[in-house]
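For what it's worth, numbering that gives the first Met the number 0 labels the leading residue of the sequence shown as 0, then goes sequentially.
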Amino acid sequence: MSQRYYVTTPIYYVNDDPHIGHAYTTLACDVIARFKRLDGFEVKFLTGTDEHGQKVAKSAAVAGMDPQAFTDKVSKNFRDLAGVMNYSNDDFIRTTEDRHTRACQALWRALQEKGEIYLGSYAG
């Protein structure tokens with residue numbers, strides 16, 4: 000069995016369409032993923048979109064769209080960019096997907112059960 004190697008891009012914020020910076024960042028990750036595959040690694044390469052937050056809600060309102068319809072449109076543009084650029088990603092995650100919600104909830108519960116989630120003060 001070959002060694003596993005995980006590559007992820009930032010999960011891009013969908014308050015606007017993708018631009019050259021998104022293309023560049025994903026390309027850099029794609030180069031690493033392709034090299035590691037050639038080097039015999041079992042690579043999992045993830046990219047996707049973060050579809051929550053005030054900026055998204057504001058951008059949807061400015062566009063005169065429902066936030067989910069807005070994120071559907073912009074997320075599709077990010078997915079289309081992956082196709083146009085011929086990236087080799089294995090998965091495209093959207094933070095509005097049920098699988099993402101379930102994974103976050105499972106992580107939260109696991110951390111909570113281990114006492115890793117608590118109220119406190121931070122200075123630094």
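Where a beta carbon is used, it is the ideal one built from N, C-alpha and C, also for glycine. Here the structure is a predicted model, which means the values were calculated and not measured.
Alpha carbon to alpha carbon, what distance is there between residue j and residue i?
i	j	result
D16	T95	17 Å
T8	C28	6 Å
V42	A60	39 Å
T24	N85	14 Å
Y121	W107	20 Å
G82	A109	36 Å
What distance in whole Å lies between the Cβ atoms of residue j and residue i, which are believed to be in contact at a cut-off of 8 Å?
i	j	result
I92	L37	At roughly 25 Å, the Cβ-Cβ gap does not stay under 8 Å, so I92 and L37 are not in contact.
Out of the options, state which residue places its alpha-carbon closest to the alpha-carbon of residue i.
i	options	result
H51	Y11, H21, G20, E41	Y11
S74	I31, D49, N85, G20	D49
F34	R98, R108, Y5	Y5
G47	Q67, Y121, H99, M0	H99
Unbroken stretches of the alpha helix (DSSP H), 4 residues or longer, contained in the stretch 8-87 = 19-37, 53-61, 66-83
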